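Visitor:
Protein chains: 2
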Amino acid sequence: MAFSEFKPLDEKSLIEYIKSVPSLSSKLGSNLDKVSIKEVGDGNLNFVYIILGPAGSLVIKQALPYIRCIGESWPMTRERAYFEALALREHGQFSPEHVPEVYHFDRTMSLIGMRYLEPPHIILRKGLIAGIEYPFLAEHMSEYMARTLYFTSLLYRTTMDHKHAVAKFCGNVELCRLTEQVVFSDPYKVSEYNRWTSPYLDGDAEAVREDNILKIEVAELKSKFCERAQALVHGDLHTGSIMVTHESTQVIDPEFAFYGPMGFDIGAFLGNLILAFFAQDGHADQVNDRKTYKEWILRTFEEVWNLFHKKFIALWDEHKDASGEAYLPAIYNNPEVQQLAQKKFMEDLLHDTLGFGAAKMIRRIVGVAHVEDFESITDARKRADCEHRALEVAKMLLKERRNFQDITEVVSAIKKL
Amino acid sequence: MAFSEFKPLDEKSLIEYIKSVPSLSSKLGSNLDKVSIKEVGDGNLNFVYIILGPAGSLVIKQALPYIRCIGESWPMTRERAYFEALALREHGQFSPEHVPEVYHFDRTMSLIGMRYLEPPHIILRKGLIAGIEYPFLAEHMSEYMARTLYFTSLLYRTTMDHKHAVAKFCGNVELCRLTEQVVFSDPYKVSEYNRWTSPYLDGDAEAVREDNILKIEVAELKSKFCERAQALVHGDLHTGSIMVTHESTQVIDPEFAFYGPMGFDIGAFLGNLILAFFAQDGHADQVNDRKTYKEWILRTFEEVWNLFHKKFIALWDEHKDASGEAYLPAIYNNPEVQQLAQKKFMEDLLHDTLGFGAAKMIRRIVGVAHVEDFESITDARKRADCEHRALEVAKMLLKERRNFQDITEVVSAIKKL
Ligand SMILES: Nc1ncnc2c1ncn2[C@@H]1O[C@H](COP(=O)(O)OP(=O)(O)O)[C@@H](O)[C@H]1O
Ligand SMILES: Nc1ncnc2c1ncn2[C@@H]1O[C@H](COP(=O)(O)OP(=O)(O)O)[C@@H](O)[C@H]1O
Ligand SMILES: [Mg+2]
Ligand SMILES: [Mg+2]
Ligand SMILES: [Mg+2]
Ligand SMILES: [Mg+2]
Ligand SMILES: [Mg+2]
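Read top to bottom, the protein sequences are chains A and B. According to UniProt numbering, the first sequence holds residues 1 to 417 in order. According to UniProt numbering, the second sequence holds residues 1 to 417 in order.
Okay, structure coming up:
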């Protein structure tokens, strides 16, 4: 067999590979010489090929043993592809409308074959920069998050199943470690990897590194990230891991998946919406001042949480007599105690969400990996201004998250700052 | 080989077994026909044999595929012996003076050979019932807990090592599940397993089952127990898992070990001290009113926490520049932030400890497994009276744990009730 050991593919060997795998070649049609291949990996870590055949299409994603955007100097286990495939399948089972189907997985080759999200699908972040409204975004993302998080938690699962799954995903430790470093550590210390819009934000970056209260709160979030196996989280749920059209919302790239705190996913998505919000002033021009669009973002932000809340509670109510071992019906046996339990759970989850969301914002402004929302603002002073305001909001949310009782209060606070 | 598959041993086959294992037989001396064997398993789950030879001694503990005190009707994996052996070795490495040495482990036979804790070692619970003061108990137990918990947490470990160890102990899920049921579930619902001193405590048991606030707080503790992999906890650290003499303190029986919240161990020990405290009035007689002894227990209770606090912080300070990934020295880089971090950590840990300790108290009064401290009070009315007061304290501690800033306040509250 030609692919019995790992080998990075190029466009030529890719065709050979596809020919050797019926579940892939069958998607494309009979004449494989008519196939076109394009590498589109605009992501940071991996190689992604779009393959168009006479009768169909697919995407091949391959992990190499290092981080693509940095190079071989930053090694990273290829096993991330295994966890990505596991998570795509697991989340896909619970939210099939919002996760691309996996056609094939090859652990030796660290290679996933999956549905091609055909045009006009684009990366949500790019849509947000272009000022496009997605009327179903809040509906779809709240659905995806409610279902993937609920069904992989102890609210639905037995202890047996949960611990078994937790153990399996402990194997994705290298990717968890990377998150720990770039989200919870580097931004709060002097690090060769950090960067920011200099000189404008030199003082802001230093202030982050010298804010004792902020650092104490980040320690708590980091410990939750490392220790709390609440649900199978995507682990990298920013607006660059979501592909959209007007009608469709698809979550890709769960290579950081592991059993972690639910708020880490919800926060990643909501935090990136706030980043998009603060970037809008940098994209405003005489044709479009982006005011209406900013309102749409904030409305979407609010709706995501409210719809998530509603859907999550609905799942909880619907399955409360099922196999989940967290809240046994014989104990939580009256409407008052059920409501109290759900209220406390959702309030704690909101606080986690705000904390993790804020941490994800901060790291995108003073850490190693920045976001195109800001990077595409060419005027550095203008960009710094947008980033500065986002950073102030993030610091406030991180430190004062426990004072917010619902998402409306958060929106007001964002508007005020 | 005679023991190539699992077989429950009796006194005769045990000798054959020992003869076939040099690391065991060598402990006893050359003439193995002069050996005496006594089964002493007063515990609930397993068989324990003391083997005395002409030149030495040892203990053999064997797990059968069910719970001993209930019988074959309650099956329980023999793999608990594997996790017990792992934990004895792991904890023994960090606190060798307080954990018996493991001579031999046989996974097929679910059998551990370990040091015999020779007389006058007795089970601490029996010593507490007899009214015996142990001057080094607080010192030793705080040392054991500080070291085993610190060194197996992310304060000392790398993420890599931590996740690897967490995954391994996820295998002990059946024992975790048992704790979930008997500690966090059964006492709060109608269950065939529950019992209490009836009829005196009928109302108390019902009040526990109908206390919505209590049940909400227990849900939070249960979720921490299930989800938070903070350190390798013993998992069953009551006063029946500790053997003592005046000078020696030895922790046995960690078959429930897993990566869980530190407060679960500290709470188990401290909660059982409070149970012993409230049982004293039932043991008072004309010769000894137990007043002085009650003071010693409370003093020990207070000292355990204070010494634990001191030792834990000392380990943290000593190793703060080592490999632990929770608080990187480049971030927690000034005395003020270090102190803030430690203060917050220890306060949260105190609250966890009080919550778990209280839950362990409650389950011993209205759940399936009771404690000899109370059971040995033959006058049921007197016993109920002791149990009632312990239960009131436990409910208060569980619900109001977050209002306590230090252990002195807890002692005052116990004295008041
Ligand atoms: N299933 C797919 N359909 C269409 N495009 C895709 C698909 N998967 C990935 N892509 C494209 O490839 C890019 C990188 O993919 P991604 O999974 O995010 O890789 P990385 O892990 O390197 O970030 C995406 O931003 C998107 O443009
Ligand atoms: N190493 C030992 N030395 C002396 N006695 C022991 C030793 N281990 C256990 N025992 C005795 O056996 C009893 C039961 O042991 P334990 O490990 O608690 O078993 P179980 O898991 O069944 O509770 C203990 O209460 C103690 O009296
Ligand atoms: Mg990506
Ligand atoms: Mg839908
Ligand atoms: Mg990726
Ligand atoms: Mg025991
Ligand atoms: Mg035991």
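Cβ atoms here follow ideal geometry from the backbone N, Cα and C, with glycine treated the same way. Every value quoted in this text rests on a predicted model; they were computed, and no experiment measured them.
Assess, as a yes-or-no matter, whether the stretch 49 to 66 of chain B is touched by the stretch 2 to 15 of chain B under the definition of 3 or more beta carbon pairs within less than 8 Å.
Guide: As far as the Cβ criterion goes, the stretch 2 to 15 of chain B touches the stretch 49 to 66 of chain B, which means the pair count is three or higher.
Visitor: Could you check if residue 56 of chain A is buried or exposed, using at least 16 other CB atoms within 10 Å of its CB as the buried criterion?
Guide: That one is exposed.
Visitor: Can you tell me the Cβ-Cβ gap for residue 154 of chain B and residue 303 of chain B, rounded? I've got them flagged as a contact below 8 Å.
Guide: The pair is not a contact, with the Cβ atoms about 27 Å apart (cut-off 8 Å).
Visitor: In terms of residue numbering, what span does the beta strand (DSSP E) encompassing residue 61 of chain A cover?
Guide: Per DSSP, residue 61 of chain A belongs to the beta strand (DSSP E) from 57 to 62.
Visitor: Near ligand 1, which residues have their beta-carbon closer than 7 Å to a heavy atom?
Guide: For ligand 1, the selected residues are A/40, A/41, A/42, A/43, A/44, A/45, A/46, A/48, A/50, A/59, A/61, A/68, A/100, A/114, A/115, A/116, A/117, A/121, A/123, A/240, A/241, A/243, A/252, A/253 and A/255.
Visitor: For a contact defined as C-beta to C-beta under 7 Å, what are the partners of residue 159 of chain A on chain B?
Guide: Correct list: 173, 176, 177, 180 and 226.
Visitor: I want to verify the contact list: residues of chain A whose CB lies under 8 Å from the CB of residue 194 of chain B, in sequence order.
Guide: In chain order: nothing, as chain A lies at least about 12 Å away.
Visitor: Assess, as a yes-or-no matter, whether the stretch 173 to 191 of chain A is touched by the stretch 295 to 312 of chain B under the definition of 3 or more beta carbon pairs within less than 8 Å.
Guide: The stretch 295 to 312 of chain B is not in contact with the stretch 173 to 191 of chain A.
Visitor: Between the Cα of residue 148 of chain A and those of A/100, A/94 and A/191, spot the shortest distance and give me the residue it belongs to.
Guide: Closest by alpha carbon: A/94.
Visitor: Please check if any C-beta of chain A sits within less than 9 Å of the C-beta of residue 328 of chain B.
Guide: Yes, because at least one Cβ of chain A sits closer than 9 Å to the Cβ of residue 328 of chain B.
Visitor: Keeping to the same chain, check which residues put their C-beta closer than 6 Å to that of residue 53 of chain B; ignore five residues upstream and five downstream.
Guide: For residue 53 of chain B, where only same-chain residues beyond five positions count, the Cβ hits under 6 Å are 28, 29 and 35.
Visitor: Does residue 405 of chain A get closer than 9 Å to chain B when you measure Cβ to Cβ?
Guide: No, no contact with chain B.
Visitor: Check whether the stretch 382 to 389 of chain A and the stretch 191 to 201 of chain A are in contact - that is, three or more C-beta pairs closer than 8 Å.
Guide: With a cut-off of 8 Å, the stretch 191 to 201 of chain A and the stretch 382 to 389 of chain A count as touching, because enough Cβ pairs lie within range.
Visitor: Would the beta-carbon of residue 373 of chain A be found less than 8 Å away from any heavy atom of ligand 3?
Guide: Answer for residue 373 of chain A: no, Cβ out of range of ligand 3.
Visitor: If we count the other Cβ atoms within 10 Å of its Cβ and call it buried at 16 or more, is residue 417 of chain A buried or exposed?
Guide: Residue 417 of chain A is exposed by the Cβ-count criterion.
Visitor: Count the other CB atoms, across all protein chains shown, that sit within 10 Å of the CB of residue 316 of chain A; report buried if there are 16 or more and exposed otherwise.
Guide: Under this definition residue 316 of chain A is a buried residue.
Visitor: Classify residue 335 of chain B as helix, strand or coil using the three-state DSSP reduction.
Guide: Three-state DSSP puts residue 335 of chain B in a helix.
Visitor: Does the beta carbon of residue 202 of chain B fall short of 8 Å from some heavy atom of ligand 6?
Guide: It does not: the Cβ of residue 202 of chain B is nowhere closer than 8 Å to a heavy atom of ligand 6.
Visitor: Measure from the C-beta of residue 188 of chain B to each C-beta in chain A and report whether the shortest distance is under 9 Å.
Guide: Yes, because at least one Cβ of chain A sits closer than 9 Å to the Cβ of residue 188 of chain B.
Visitor: Verify the contact flag: residue 265 of chain B, CB atom, against every heavy atom of ligand 6, threshold strictly below 8 Å.
Guide: Checking the Cβ of residue 265 of chain B against ligand 6 gives no.
Visitor: List the residues that DSSP assigns as beta-bridge partners of residue 243 of chain A.
Guide: Residue 243 of chain A pairs with A/123 and A/250.
Visitor: Applying a beta-carbon distance threshold of less than 8 Å, which residues of chain B neighbour residue 212 of chain A?
Guide: By Cβ distance, chain B contributes 334, 336, 337 and 340.
Visitor: Give the secondary structure of residue 229 of chain B by DSSP, where H, G and I count as helix, E and B as strand, and everything else as coil.
Guide: Note: residue 229 of chain B maps to coil in three-state DSSP.
Visitor: Spatial neighbours of residue 136 of chain B within its chain, please: CB distance less than 7 Å, with the 5 preceding and 5 following residues excluded, ordered by chain position.
Guide: Excluding positions up to five away in sequence, the list reads 247 and 249.
Visitor: Which of the residues in the stretch 343 to 367 of chain A, read from start to end, lie with their CB under 7 Å from any CB of chain B?
Guide: Taking 7 Å as the Cβ-Cβ cut-off against chain B, the residues of the stretch 343 to 367 of chain A that qualify are 344.
Visitor: Just to confirm before moving on: does the CB-CB distance between residue 122 of chain A and residue 251 of chain A stay below 9 Å?
Guide: Cβ atoms of residue 122 of chain A and residue 251 of chain A: not closer than 9 Å.
Visitor: Do residue 395 of chain B and residue 358 of chain B come within 9 Å of each other at the CB atom, strictly closer than that value?
Guide: Cβ distance < 9 Å, so residue 358 of chain B and residue 395 of chain B count as in contact.
Visitor: Nearest CA to the CA of residue 169 of chain A: which residue from A/253, A/185, A/84 and A/200?
Guide: Nearest C-alpha to residue 169 of chain A: A/84.
Visitor: In the stretch 381 to 414 of chain B, which residues sit with their C-beta less than 8 Å from some C-beta in chain A, listed in chain order?
Guide: Result list empty, no residue passes.
Visitor: Going along the chain, which residues of its own chain have a beta-carbon closer than 6 Å to the beta-carbon of residue 238 of chain B, five neighbours each way excluded?
Guide: Counting only Cβ-Cβ distances below 6 Å, and skipping sequence neighbours, we find 268 and 272.
Visitor: Verify the CB distance criterion: does residue 310 of chain A have a CB-CB separation below 9 Å to chain B?
Guide: Answer no: the Cβ-Cβ gap between residue 310 of chain A and chain B never drops below 9 Å.
Visitor: For residue 124 of chain B versus residue 254 of chain B, is the C-beta spacing smaller than 9 Å?
Guide: No, the Cβ-Cβ distance between residue 124 of chain B and residue 254 of chain B is not below 9 Å.
Visitor: In three-state DSSP terms, what is residue 377 of chain A?
Guide: Residue state, collapsed to three classes: coil.
Visitor: Among A/378, A/363, A/353 and A/366, which residue has its Cα nearest to the Cα of residue 404 of chain A?
Guide: When only C-alpha atoms are compared, the closest one is A/353.
Visitor: Report the neighbours of residue 266 of chain B on chain A: residues whose CB is nearer than 7 Å to its CB, in chain order.
Guide: The contacting residues do not exist; residue 266 of chain B stays about 17 Å from chain A at best.
Visitor: Between the beta-carbon of residue 236 of chain A and the beta-carbon of residue 366 of chain A, is there less than 9 Å?
Guide: No, Cβ-Cβ distance for residue 236 of chain A and residue 366 of chain A is not below 9 Å.
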